[in-house]
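Residue numbers (the working numbering): 34 to 385. For each residue, glycine too, the CB sits at the ideal point set by N, CA and C. Some notes on the structure that comes next.
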């Protein structure tokens, strides 16, 4: 058995210290790495880029923004149809982003949270062998047709956004020692897009479209940095935002992503619905992830958890457990129950 639990990333508390003490204290012995909870504006995951980065960019025009509520501006959409939409201005062939290493906020936030993490670890609140986890949405989950519906626009924006993300990684890996760091690539749009279907451009259904940025960005990580993947069904509008007909295509994406990384992958997180039939998990027999620890996103619907664990073990004999996603859209008052469910899940898995 390896580490039994994974925290995907977001926790709706106010500070990194509160997250690490509340969840890290009881759960850290079971975790490979500790996230900072994606506190502040990162809690809205990729939606924050719409009002923080894209809305003020000189090369982008706003087509739609969330409607005001009672006369007050709304920066985050409540419904999918109210989301921000942009277009590239005429004559612009590539959208680039200034303030490299600062513009997207990951390096800035990681620097502050790592100080908290290191202090808590030195004071014995967190174990010495625990890594600091930074969960970062992959490029195509940010720059996608939901936000940029005009044909050809995402191809003008993705290279510049990838360069901005590479600059953030350069600062992060310069400031945080490799042996302390874990980077997790979050793949939500990628997970849905490869299944194709209505509204998905043909190019977006190709796995290589999504593994190419994984290949380039992972190559920038120094040796010794731990690497994880989170494949996501989405929670915007309620979980799951996307329900795959089966896991076959997702397994292909996972295998290709791990191969594209070109180095050891330490973990792969896969969400799972409330299903306890062995056939549902059968495609996972085709996983080719090397020594990566698989974490099944099963910590929900607790009454059926033991049955789901048994069913999944028919395909993956040994795996860890996690929630299906981060908790960023979860009411904070539910967090004590979520914490208890994680501890209970460890007991259930070890009894099986």
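- Between residue 153 and residue 53, the C-beta spacing is below 7 Å.
- Rounded to the nearest whole angstrom, the CA to CA distance from residue 208 to residue 313 is 43 Å.
- Ranked by how close their Cα comes to the Cα of residue 69, the residues 42, 93, 87 and 84 have 42 in first place.
- For residue 102, the secondary structure class from DSSP, reduced to helix, strand or coil, is strand.
- If you check the CB distance, residue 253 and residue 202 come in under 7 Å.
- Burial is judged here by how many other beta carbons sit within 10 angstroms of a residue's own beta carbon; residue 112 has fewer than 16 and is exposed.
- Judged by DSSP secondary structure, residue 97 falls within the beta strand (DSSP E) whose first and last residues are 93–97.
- For residue 221, same chain residues with a beta-carbon under 6 Å away, outside a window of 5 residues either side, are 174, 265 and 267 in chain order.
- Scanning its chain for C-beta atoms nearer than 6 Å, with the 5 sequence neighbours on each side dropped, one finds around residue 248 the residues 293, in chain order.
- The C-beta of residue 96 has fewer than 16 other C-beta atoms within 10 Å across all chains shown, which makes the residue exposed.
- Between the C-alpha atoms of residue 242 and residue 286 there is a straight-line separation of about 11 Å.
- Your pair residue 45 and residue 365 checks out as a contact, with CB atoms roughly 5 Å apart and the cut at 8 Å.
- Nearest neighbour of residue 197 by Cα position, chosen from 75, 134 and 381, turns out to be 134.
- Linking residue 72 to residue 47 through their CA atoms gives a straight-line distance of about 6 Å.
- Counting other Cβ atoms within 10 Å of its Cβ, residue 200 reaches 16 or more and is therefore classed as buried.
- Closest by C-alpha distance to residue 129, out of 86, 246, 106 and 165, is 86.
- Residue burial is scored here from C-beta neighbours: residue 236 has fewer than 16 other C-beta atoms within 10 angstroms and is therefore classed as exposed.
- An exposed status is given to residue 148, since fewer than 16 other beta-carbon atoms sit within 10 Å of its beta-carbon.
- The closest CA to that of residue 319, considering only 348, 335, 336 and 309, is found on 348.
- At the C-beta level, residue 299 and residue 354 stay beyond 7 Å of one another.
- Runs of the alpha helix (DSSP H) lying entirely within the region 141–218, each at least 4 residues long, are 172–175 and 186–208 in chain order.
- Judged by their CB atoms, residue 217 and residue 67 are not nearer to each other than the 7 Å cut-off.
- Counting only runs of 4 or more residues that sit fully inside the region 298–328, the alpha helix (DSSP H) segments are 311–314, in chain order.
- CA-to-CA, the gap between residue 371 and residue 56 works out to about 10 Å.
- Under DSSP, residue 220 forms a beta bridge with 264.
- The three-state reading of DSSP puts residue 331 in coil, since its state is none of H, G, I, E or B.
- Selection 169, 118, 60 and 121 evaluated against residue 137 yields 169 as nearest (Cα-Cα).
- In chain order, 206, 211, 214, 215 and 216 place their CB closer than 8 Å to the CB of residue 258, counting only its own chain and leaving out the 5 sequence neighbours on each side.
- Between the C-alpha atoms of residue 126 and residue 192 there is a straight-line separation of about 11 Å.
- Taking all protein chains in view, the Cβ of residue 322 is crowded by 16 or more other Cβ atoms within 10 Å, so the residue is classified as buried.
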